[in-house]
Amino acid sequence: MNSPALQLNDVSVSLGGTTLVENVSFSVQAGEIVGIIGPNGGGKSTLLKAILGLHPYTGQIKLASPAAVGYVPQYFDFDRSFPLTVRELFRIRLGRSAFSSRNDNAARTLLRRVGADDIWTQQLGVLSGGELQRVLVALALARQPELLVLDEPSTGIDIGGEETLYNLIKKLADEQKITIVFVSHDLDVVYQYADQAVCLNKRMTCVGAPHTVLTEEVIEHTHGKLIKPFRHHRHA
Amino acid sequence: MSILGSDLFLRALVVGVLFALAAGSMGTVVVIRRMSFFADAIAHASLTGIALGLLIGVDPLWAVLVFSVLIALGMGALALRKILALDTIIGVFYSTAVAIGVLIIGGLKGVRVNLDAFLCGDILAVTSSDVWVATVLVVLVVVVFGLLLGPLLQLALNRDLAQVHGVRVWLYELIFMVFMAIAVAVGIKLVGIILVGPLIIMPAAAAKNVSRSFVTMLAVSVIIAIAGAVVGLYGSVWLAAPTGPTIVVVMAVFFALSLAIRPLRSR
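Protein sequences appear in the order of chains A and B.
Following this note's numbering, the numbering of the first sequence begins with 1 at its first residue and continues without gaps.
Following this note's numbering, the numbering of the second sequence begins with 1 at its first residue and continues without gaps.
Right, dumping it as structure tokens:
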């Protein structure tokens, strides 16, 4: 077996004297999709930020290509009246200047890959949740990532938009062997799209194929007794 | 000869346009990053810079420059440690610096201080050496700001994402704060401590109302800042009114116009 694209050994994260993530270990092969699932405050986003190098941690996080990591944050909390256009966002990201059109073709190719080429001249503030997430995925793809990290990617998106987004993520993993790690509190999404589930409620309570490890007992332990595992059929 | 044709007025005009260039461009990022209070705090804190300059016999422009940069770095360094919220840090620094400034000025023996000029600006206070210093500082600030605009905008949009994309957050935060301190120091002689902060944000706020892209916002902001400074300077001479308040009133008119135009531009 090849060396893993991402490997965590005994990772703990403490912030301001409080331990938020404790002794997490798992490994991910290239092109695999990992869904980290757990309740709010269970340390999911904290763990992602440790993987991204945004939070200090103890233990070991090994990335096959540390420079090739793309990130789609949970809250892209910006002033929606700020008149930055999608075109300008890509210009400052790819060319470091809001004025340079040198990388416009590359940017439009990225937007086509996520099915969002038609919003090139739109302001970020008027995009729907789904459009904004696709723009952020395209922006992350600009780094030619081998690992793409997404924090609750379907926050603020309707069901149709969510399905489009996860299908896109699956396509990136299947066709381009991009390793995906996403955080979600939606069991159904993890069942449907992840190759591997990691249950996290400060400590890791499960790791493995979703259909095998997401048992009623594990979910009760992770989420509490009120939530039961369920699957519903999505409309194509 | 009227004052309008004098070297005195010309010097004020040059410094006004230079300040407008710095304020109009940097104001865009200040407004987007919601740092208006920060700009105002640096401006008010510079009263201590002026007081220290008078106390040790250094030109207030230099004293304000050094003190404002130190205050900006102090607030920036504390903010980066994330012990307290930025508005709390600003509140503490700002009130302390104003209090110390007032105490020092009150205690100065044998120095007559025209506090009005410092508070509301005075074009008579602009010397030819101020013009040269302002030129060098503003050219430096505008050029470097232009070069750093991409990372600064990434930072304004999302701090974590900018960091993952290789933007050294702390470095850009500090550089930006220092630049704001420089802009404040340049503007103070002309418009005074009370109004230099608002003048950094008003052109950008008006431009934001009427722009559909960042590049347009930047251009409109600089144009409004320069127009406001020029019209305000002429207006203050004609009306024999203090410079700072006159420029602010002109900017306020521009802002009101931008609000009136905004509904027409919105989709």
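Idealized CB from N, CA, C, for every residue including glycine.
Since we're looking at a predicted model, the values are computed, not measured.
Cβ neighbour criterion (16 or more within 10 Å) applied to B/V143 = exposed
Roughly how many whole angstroms lie between the Cα atoms of A/N201 and A/V21?
-> 8 Å
Quick one: residues in its chain with C-beta nearer than 8 Å to the C-beta of B/Q163, no 5 flanking neighbours on either side, listed in chain order?
-> V169
Whether B/V69 touches B/V178 by CB criterion (8 Å) = Yes, they are a contact pair.
What are the start and end residues of the beta strand (DSSP E) that includes A/D151?
-> Under the DSSP assignment, A/D151 falls in the beta strand (DSSP E) whose first and last residues are L147 to D151.
Which residues in the same chain as A/D195 place their Cβ atom closer than 6 Å to its Cβ, once the five residues preceding and following it in sequence are excluded?
-> E32 and I33
Kindly say whether B/D160, judged by its beta-carbon, lies nearer than 8 Å to any beta-carbon of chain A.
-> yes
Three-way DSSP call (helix, strand, coil) for B/A256 in this model = helix
Using the beta-carbon of each residue, which ones in chain A are nearer than 9 Å to B/S36?
-> Going along chain A, no residue has its Cβ under 9 Å from B/S36, so there is no contact; the nearest lies around 12 Å.
Chain A contact for B/H165 (CB, 8 Å cutoff) = yes
If we count the other Cβ atoms within 10 Å of its Cβ and call it buried at 16 or more, is B/K208 buried or exposed?
-> buried
Have a look at A/H235 and A/T164 and give me their C-alpha separation to the nearest angstrom.
-> Low local confidence applies: a pLDDT of 47 at A/H235 is under 50, so the model's placement there is unreliable, with the coordinate-based value given in what follows. Approximately 12 Å, taken between the alpha carbons.
Assess, as a yes-or-no matter, whether the region 77-84 of chain A is touched by the region 117-132 of chain A under the definition of 3 or more beta carbon pairs within less than 8 Å.
-> yes
Tell me A/Q122's beta-bridge partners as DSSP assigns them.
-> According to DSSP, which records beta bridges pairwise, A/Q122 is partnered with nothing at all.
Simplified DSSP state of A/R80, which is helix, strand or coil | coil
With 16 other Cβ atoms within 10 Å as the buried cut-off, status of A/R87 | With 16 or more other Cβ atoms within 10 Å, it is buried.
Does the pairing of the region 58-72 of chain A with the region 131-147 of chain A give three or more beta-carbon distances under 8 Å?
-> yes
CA-to-CA distance, B/I90 to B/R73, given in whole angstroms | In the sequence under discussion, the amino acid at residue 73 of chain B is Leu, which differs from the Arg named in the question. Looking at the two C-alpha atoms, the distance is approximately 12 Å.
Heavy atom of the ligand HEM within 7 Å of A/F26 beta-carbon = The ligand HEM is not part of the structure shown, which contains no ligands of any sort.
4 or more residues per run - each alpha helix (DSSP H) lying fully within the region 127-181 of chain B = 128-157 and 159-164
Does any residue of chain A bring its CB to less than 8 Å from the CB of B/L259?
-> no
May I ask you to list the residues that DSSP assigns as paired with A/C199?
-> A/I37 and A/C206
Could you tell me whether any Cβ in chain A is nearer than 8 Å to the Cβ of B/I224?
-> no
Pair every Cβ in the region 76-91 of chain B with every Cβ in the region 192-203 of chain B, then say whether three or more of these pairs are closer than 8 Å.
-> no
Quick one, are the C-beta atoms of A/I157 and A/Y193 less than 8 Å apart?
-> no
A/N9 bridges to which residues according to DSSP?
-> BP columns for A/N9 point to A/Q60.
Quick one: residues in its chain with C-beta nearer than 6 Å to the C-beta of A/N9, no 5 flanking neighbours on either side, listed in chain order?
-> S25, G59 and Q60
Taking the C-alpha atoms as reference points, what is the distance between B/I247 and A/A5?
-> Using only the alpha carbons, I get a separation of about 59 Å.
Residue range of the beta strand (DSSP E) that A/S237 falls in?
-> Any question about residue 237 of chain A goes unanswered here, given that chain A covers just 1 to 236.
Among all the DSSP beta bridges, which residues are the ones paired with A/L15?
-> A/T18
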